[in-house]
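Structure record follows, encoded as structure tokens.
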Amino acid sequence: MKPIAVVFTKELIDNLRDRRSVISTFGYALLGPGMILLMIVVLGSMFREATERPLELPIAGREYAPALVHFLEQNNAVLVDAPGDPHDAVRQGDVDVVLIIPKDFGEDFSAGRPAPVQIVGDSSRTSAMQNVRRAQNLVRQYSQQIGALRLLARGISPTIITAVSVEEVDVSTPQSQAFVFLNMLPYFLVMAVFLGGAAVIIDTTAGERERNSLEPLLISPIERWKLVVGKLLASLPFSMITVWISLGAFALVFNVFPIERYMGMQLSVDGGALVSIFLICLPMVLLAGALQMIIATFTRTFKEAQSYVNWLPLIPALPGMVLAFLPVKATIGAMLIPTYGQQMLINQLIRGELVNPLHVVVSTVATLVSSALLVIIAIRLYSREDILFGRK
Amino acid sequence: MITVHNLHKAFGDVHALRGVSFDAPDGLITGLLGPNGAGKTTTLRVLYTLLTPDEGEATVDGFNVLTRPLEVQRRIGALPDARGIYPRLTARENIRYYGRLHGLENAVLETRIDALIRLLDMQEIADRRTDGFSTGERLKVAIARAMVHDPPNVLLDEPTNGLDVMSTRAVRDVIRRLRDEGKSVLFSSHIMQEVAALCDHIVIIAKGRVVGAGSPAELRRTTGKEDLEDAFVSVIGTEEGLER
Chain A
314 MKPIAVVFTK ELIDNLRDRR SVISTFGYAL LGPGMILLMI VVLGSMFREA TERPLELPIA
374 GREYAPALVH FLEQNNAVLV DAPGDPHDAV RQGDVDVVLI IPKDFGEDFS AGRPAPVQIV
434 GDSSRTSAMQ NVRRAQNLVR QYSQQIGALR LLARGISPTI ITAVSVEEVD VSTPQSQAFV
494 FLNMLPYFLV MAVFLGGAAV IIDTTAGERE RNSLEPLLIS PIERWKLVVG KLLASLPFSM
554 ITVWISLGAF ALVFNVFPIE RYMGMQLSVD GGALVSIFLI CLPMVLLAGA LQMIIATFTR
614 TFKEAQSYVN WLPLIPALPG MVLAFLPVKA TIGAMLIPTY GQQMLINQLI RGELVNPLHV
674 VVSTVATLVS SALLVIIAIR LYSREDILFG RK
Chain B
25 MITVHNLHKA FGDVHALRGV SFDAPDGLIT GLLGPNGAGK TTTLRVLYTL LTPDEGEATV
85 DGFNVLTRPL EVQRRIGALP DARGIYPRLT ARENIRYYGR LHGLENAVLE TRIDALIRLL
145 DMQEIADRRT DGFSTGERLK VAIARAMVHD PPNVLLDEPT NGLDVMSTRA VRDVIRRLRD
205 EGKSVLFSSH IMQEVAALCD HIVIIAKGRV VGAGSPAELR RTTGKEDLED AFVSVIGTEE
265 GLER
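Sequence order for the protein chains is A and B. Everything in the first sequence is counted per our numbering, starting at 314 for the first residue and increasing by one. Everything in the second sequence is counted per our numbering, starting at 25 for the first residue and increasing by one.
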């Protein structure tokens with residue numbers, strides 16, 4: 314065990330002295346929380362503005378329905394004249410929505426027949442759909458109001474036409490409504506895991522070869538597996554600290570930053586959840602180190618290794634991105650996939666959901682077994698003659 | 025004591041070694057002379073246990089490099105072709121790391137490091153980070169680190185490469201001193217004058233084969249050349265890849 318400790322201590326001190334790469338690594342850890350904060354502020358403000366802003370509604374044939382026009386104006390709509398070709402204007406995206414009132418609106422209306430209007434919108438344009446929906450709602454409200462009045466005039470209670478009363482019960486807590494943001498957290502944590510130790514792993518293998526210090530080191534009387542383990546272990550404190558910095562920044566964003574001002578609700582992640590998330594990340598830290606070690610054994614220079622290693626976090630990030638928009642149920646099968654299971658577990662922890670202990674065990678064991686296999690491969694690669702030269 | 029017997033090694037189609045044999049006895053400086061690409065570094069790498077020969081065997085103090093690599097590594101101090109040191113560590117820390125890898129600790133290790141620093145006259149640079157060291161200063165660190173465990177066998181691959189006159193002289197002094205301590209010193213060079221000035225025993229390699237061996241006097245006698253450097257050239261058959 315002693316030689317492992319010697320290698321570990323040396324690499325730790327050596328890499329801590331590499332201030333620039335330490336600072337840039339820890340800076341990367343703040344990227345995720347920073348992006349989430351930005352999204353909360355930007356999207357939150359956009360959302361708020363959109364609902365409070367008066368609805369600008371191009372209208373054609375306003376003269377045929379003065380009462381409807383009056384109702385719309387009373388309900389925060391600013392009516393403007395519709396462009397000459399409403400359909401084309403909407404299709405081109407010049408306007409979000411156009412309300413068209415036909416000439417015979419008044420006639421049908423007076424006769425008590427359903428009076429037709431057209432709301433022209435483009436459902437493929439998500440950003441425009443909010444205004445289309447607002448216009449639809451206003452017209453529907455007007456229609457219901459008039460209908461109710463007509464029934465009353467005939468001595469019939471308006472409730473008679475409501476055969477079924479639908480009451481929508483929203484079970485989402487304030488936190489669950491902001492999940493879109495929280496769902497991205499596991500992804501950013503995996504990034505932190507993969508970036509944290511990368512510089513150390515590359516420096517201690519590809520960097521060592523590039524500096525020409527690998528050959529003398531390999532001549533020292535130390536078994537290769539001890540060398541690999543010592544170097545791998547030296548990277549772990551760096552990735553762990555990176556994960557902690559990331560987690561700490563997320564905690565600040567959710568618990569201290571006044572998110573309520575932007576999203577209308579406050580999020581919170583408690584200390585217990587943070588510690589659990591950290592523990593769940595630990596097996597991934599080992600996995601990332603082993604993967605990077607393998608890459609670093611056959612690349613010739615620091616730069617070459619870096620260009621490969623930088624792609625690594627994208628592999629586990631893919632399922633994480635899917636998870637952000639398409640929640641998948643946690644199953645044992647999912648837990649068997651390293652990094653995927655962890656991202657689900659982290660997601661559950663932030664939501665404050667109960668985590669199935671069996672899932673934690675399966676995911677941890679699966680990831681540790683995969684890491685062990687990768688470490689063995691790394692040791693094999695380190696034991697080859699080619700380690701001196703790097704792959705051609 | 026180093027013995028090499030009938031080493032063969034190929035990298036793909038390139039036959040680096042085609043049957044290299046020689047001995048490097050204790051208390052002598054054995055020079056491996058040959059043009060660039062003759063197989064000197066490959067031979068030494070087999071002795072460091074970093075390369076596995078396709079054929080033949082090599083031993084250090086009786087330990088086979090293939091079957092007892094750790095025993096061999098404990099008994100050699102090597103200055104390989106690649107002699108990079110860690111720029112973020114001080115000279116002393118660089119040496120200490122290798123001492124620890126050899127299992128030395130505390131007072132024994134520190135005493136040894138101090139002795140090497142005095143021997144190589146590097147007191148002034150010992151506690152500076154090696155980033156920015158000159159070639160000569162870096163070489164001193166590399167030599168000190170190779171000698172930290174006081175190895176009975178010393179292998180030096182082109183030790184004076186890129187050095188100025190003063191440093192070259194200092195390195196030669198160190199090599200002689202190591203020999204006088206009774207160690208087996210094996211060093212490779214393509215510089216004829218250096219081999220002529222230092223070696224008790226010379227092994228000449230070309231194209232992966234030993235083409236001549238013996239003491240300087242024996243080489244002069246067998247080739248019939250008065251000048252040792254002329255003797256080398258006549259054995260190898262060409263001056264290409266050599267330096268006067």
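The beta carbon of each residue, even a glycine, is placed where N, CA and C say it ideally should be.
Within chain B, the residues R69, L74, L75 and A106 have their CB atoms less than 9 angstroms from the CB of L701 (chain A), given in chain order. In this model, G654 (chain A) and R404 (chain A) are separated by some 44 angstroms (Cα to Cα). Using a CB distance below 9 angstroms, the part of the stretch 499-531 of chain A facing chain B consists of E521, R522, E523, R524, N525, S526, L527, E528, P529, L530 and L531, ordered along the chain. With the criterion set as a beta carbon lying under 7 angstroms from some beta carbon of chain B, the members of the stretch 317-339 of chain A are V319, K323, D327, R330 and D331, in sequence order.
With a cutoff of 7 angstroms on beta-carbon distance, S559 (chain A) and A512 (chain A) are scored as not near each other. Interface residue (Cβ-Cβ distance to chain B less than 7 angstroms): I692 (chain A) is not classified as such. With its beta carbon less than 7 angstroms from one in chain A, L125 (chain B) belongs to the interface.
Using a CB distance cut-off of 7 angstroms, P534 (chain A) counts as an interface residue toward chain B.
Contact of E698 (chain A) with chain B by beta-carbon distance below 8 angstroms involves L74, L75 and T76.
R112 (chain B) belongs to the set of residues whose beta carbon lies under 7 angstroms from a beta carbon in chain A.
Of all alpha-carbon atoms in A:P371, A:L508 and A:P471, the one lying nearest the alpha-carbon of I336 (chain A) is that of A:L508. L41 (chain B) does not reach chain A, its nearest Cβ partner there being about 14 angstroms away, counting only Cβ pairs nearer than 8 angstroms. At a cut-off of 7 angstroms, the C-beta of R162 (chain B) has no neighbouring C-beta in chain A. Under the three-state reduction of DSSP output, A62 (chain B) falls in the coil class, being neither helix nor strand.
According to the DSSP assignment, I700 (chain A) belongs to no beta strand (DSSP E), since it is labelled neither H nor E. DSSP, reduced to helix, strand and coil, places V410 (chain A) outside both helices and strands of the structure shown, so it counts as coil.
Any Cβ of chain A closer than 7 angstroms to the Cβ of A82 (chain B) would place that residue at the interface, and such an atom is absent. At least 7 angstroms separates the beta-carbon of L370 (chain A) from that of L351 (chain A).
Shortest Cα-Cα distance from P427 (chain A) to any of A:S676, A:A562, A:Y500 and A:V452 involves A:V452. Counted as a single uninterrupted DSSP element, the stretch harbouring S456 (chain A) is not any beta strand (DSSP E) but the alpha helix (DSSP H) occupying residues T439 to A466. Distance between R447 (chain A) and A441 (chain A), taken at the CA atoms: about 10 angstroms. Per DSSP, G665 (chain A) is not a residue of any beta strand (DSSP E), being assigned neither H nor E. At a beta-carbon threshold of 8 angstroms, the residues of chain A lying near A102 (chain B) are P529 and I532, ordered along the chain. Not a single CB atom of chain A sits nearer than 7 angstroms to the CB of L133 (chain B). In this structure, H32 (chain B) sits away from E81 (chain B), with a CB-CB distance that is not shorter than 7 angstroms.
A contact between stretches requires three or more CB pairs, one per stretch, nearer than 8 angstroms, and the stretch 142-149 of chain B fails this requirement with the stretch 88-104 of chain B.
In this structure, B:R169 is the residue among B:R169, B:L266 and B:E218 with its C-alpha nearest to the C-alpha of L133 (chain B). Approximately 29 angstroms separates the beta-carbon atoms of M25 (chain B) and S191 (chain B); this is outside 8 angstroms, ruling out the contact. With 16 or more other Cβ atoms inside 10 Å of its own Cβ, A255 (chain B) counts as buried. Judged by their CB atoms, I317 (chain A) and V682 (chain A) are not nearer to each other than the 7 angstroms cut-off. Each of A:L662, A:E536, A:P629 and A:T612 was checked against the Cα of V588 (chain A), and the nearest Cα belongs to A:L662. Between the stretch 182-191 of chain B and the stretch 210-222 of chain B there are three or more inter-stretch CB-CB distances shorter than 8 angstroms, so the stretches are counted as touching. Residue pairing by DSSP puts N88 (chain B) in a beta bridge opposite B:T83.
Shown here for P175 (chain B): same chain residues with a beta carbon closer than 7 angstroms to its own, the five before and five after excluded, namely R99, I100 and G101 in chain order.
Restricting attention to beta strand (DSSP E) runs no shorter than 3 residues, the stretch 133-197 of chain B encloses them at 177-181, ordered along the chain.
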